[in-house]
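Engineer: Sharing a structure below in structure tokens format, with a few things to ask.
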Amino acid sequence: MLQQQPLTGNRPNGRGLGMNTHPGLHALNAVHPPSQHRSEGETGLEGSENGLESRRDIGDILQQIMTITDQSLDEAQAKKHALNCHRMKPALFSVLCEIKEKTGLSMRSAQEEEPQDPQLVRLDNMLLAEGVAGPEKGGGAAAAVSAATSSGGMSPDSSLEHSDYKSKLSQIRNIYHTELEKYEQACSEFTTHVMNLLREQSRTRPVSPREIERMVAIIHRKFSSIQTQLKQSTCEAVMILRSRFLDARRKRRNFSKQATEVLNEYFYSHLSNPYPSEEAKEELAKQCSITLSQVSNWFGNKRIRYKKNISKFQEEANIYAMKTAIGATQNEDSPHTPNSTGSGSFSLSGSADLFLGAPPMNGEQAAYHMGAQDPVAQSRFPDRLYSPRESRTNGSWQEQATPPSPGSDHSENSN
DNA sequence: CTTAATGATTAACC
DNA sequence: GGTTAATCATTAAG
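The number in our numbering is simply the position in the first sequence, starting from 1, with 19 added.
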């Protein structure tokens with residue numbers, strides 16, 4: 020955008036003035052003056068017979084150039100060589116330079132600065148994030164997996180599916196990289212080819228470095244559009260792979276028996292307020308070797324399903340209340356055991372929530388627990404804080420629960 | 001095969 | 001940001 024000041028300086032139209040500065044034009048003018056000047060005679064010519072000869076030469080050259088495309092390759096090559104050796108060649112070349120100088124002005128503003136396709140940037144970022152692009156081997160794929168499961172997390176036993184995923188991903192990686200390499204190679208090959216061509220042509224016609232530069236840029240643009248397509252389809256492949264392998268919904272695994280037990284234990288021992296705090300969730304997650312969000316999911320599901328059909332969960336509630344109670348009495352002997360089976364609690368309050376299992380159906384059961392906030396759990400999770408939603412601690416979390424269904428009063432309900 | 005159970009996702013809500 | 005309620009998709013059970 021800055022070079023190529025017109026030779027004529029402040030005269031953009033440049034007509035005629037530029038000629039003064041061009042030695043080549045002088046040479047040409049000398050042998051082939053413009054027709055309108057012909058009448059003025061042949062001043063400056065070395066001699067009339069010489070001028071005539073030169074004129075014939077010029078016509079000859081032009082004729083040869085015009086017809087060179089009609090000839091066979093060998094013929095053309097020979098003719099080209101001959102033209103290159105022609106004594107008029109420098110002059111002709113200079114004229115071409117001059118013409119180019121002028122026409123170059125108009126095409127200069129045509130291009131400039133492609134604004135970095137945002138789409139391409141997005142694709143690049145994604146490929147990088149998925150571990151397809153970027154550094155070789157290992158770390159990339161692992162990073163992709165951990166990134167993909169950041170919300171869902173991965174339990175240790177799911178490494179099997181992940182190895183499958185990883186192999187598929189590295190397959191995609193390989194294809195992507197070989198293709199990319201192929202494109203890059205083809206691009207550089209083509210570029211050097213074109214540059215050689217231009218260099219060769221620069222012997223007979225003026226080719227500015229800038230022009231070569233632009234040519235290269237055009238080639239690169241074309242090739243990068245192909246690359247973009249490659250990246251696009253690679254992204255799609257990765258997305259499909261991901262949805263196949265990492266969508267936990269599709270590859271759902273039930274929690275281990277022990278994990279469900281721990282969760283249920285907590286749930287039923289906090290039935291009046293089954294909203295574990297962040298700390299409690301972390302503790303549960305650790306115990307069950309599941310993620311925090313899985314704990315949250317579980318409690319969310321549990322609450323809603325319990326509320327929806329309390330009678331269905333009666334048995335379960337009793338069982339876990341019993342368990343808690345037994346665990347509590349057993350631990351009375353060794354109140355300072357900090358292990359996972361819980362410690363130091365009172366059978367009395369440990370089974371407190373048991374009564375909630377058979378609520379009066381009008382939601383007033385909460386009154387039983389206004390003061391006794393589950394000492395069991397408090398000792399089990401000493402750092403437990405009650406959920407920020409204090410409004411629920413009075414047990415109203417299920418107050419609007421609709422009784423299961425009119426005809427579902429099972430026999431065990433009467434117990 | 002059908003059905004129940006269950007973990008995850010989603011939109012609407014506060 | 002966490003919850004609820006509805007829903008989806010998979011797994012386990014019949």
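Each residue gets a CB set at the ideal place from its N, CA and C atoms; glycine is no exception.
Give the DSSP-derived three-state secondary structure of MET107 in the structure shown.
Structural biologist: coil
Engineer: For PRO293, count the other beta carbons within 10 Å of its own beta carbon; 16 or more makes it buried, fewer makes it exposed. Which is it?
Structural biologist: buried
Engineer: State the start and end residues of the unbroken alpha helix (DSSP H) segment that holds TRP317.
Structural biologist: 311-327
Engineer: What's the gap between the Cα of SER204 and the Cα of HIS239?
Structural biologist: Here the sequence assigns Gln to residue 204, which means Ser is not the residue at that position. Each residue's Cα considered, the two are about 12 Å apart.
Engineer: Would you call SER288 buried or exposed, if buried means 16 or more other Cβ atoms sit within 10 Å of its Cβ?
Structural biologist: SER288 is buried by the Cβ-count criterion.
Engineer: Taking the alpha-carbon positions, what's the ASP89 to LEU81 distance?
Structural biologist: 14 Å
Engineer: I think GLY153 touches LEU188, with their Cβ atoms under 8 Å apart; what is that distance to the nearest whole Å?
Structural biologist: At roughly 12 Å, the Cβ-Cβ gap does not stay under 8 Å, so GLY153 and LEU188 are not in contact.
Engineer: Please state the DSSP three-state secondary structure of THR348.
Structural biologist: helix
Engineer: Using 8 Å as the Cβ pair cut-off and three pairs as the minimum, do the stretch 240-249 and the stretch 201-219 touch?
Structural biologist: yes
Engineer: Taking only three categories from DSSP, how would you classify LEU216?
Structural biologist: Looking at LEU216 - three-state DSSP - the assignment turns out to be helix.
Engineer: To the nearest whole angstrom, what separates the beta carbons of LEU1 and LYS300, a pair I think is in contact under 8 Å?
Structural biologist: No answer is possible for residue 1: it lies beyond the span of the chain, which begins at 20 and ends at 434.
Engineer: Does the stretch 211-226 come within contact of the stretch 195-203, defined as at least 3 CB pairs closer than 8 Å?
Structural biologist: no
Engineer: GLN190 by DSSP, collapsed to three states: which one?
Structural biologist: helix
Engineer: Would PHE14 pass as a contact of TYR325 if the rule is Cβ separation under 7 Å?
Structural biologist: The structure shown does not extend to residue 14, since the chain is modelled only from 20 to 434, so the question has no answer here.
Engineer: Terminal residues of the continuous alpha helix (DSSP H) containing ASN144?
Structural biologist: 137-149
Engineer: Using CA atoms only, rank isn't needed, just tell me which of LEU249, GLU334, LYS327, GLN277 is closest to ILE309.
Structural biologist: GLN277
Engineer: Could you tell me the distance, in whole angstroms, from the CA atom of GLU232 to the CA atom of LYS250?
Structural biologist: 26 Å
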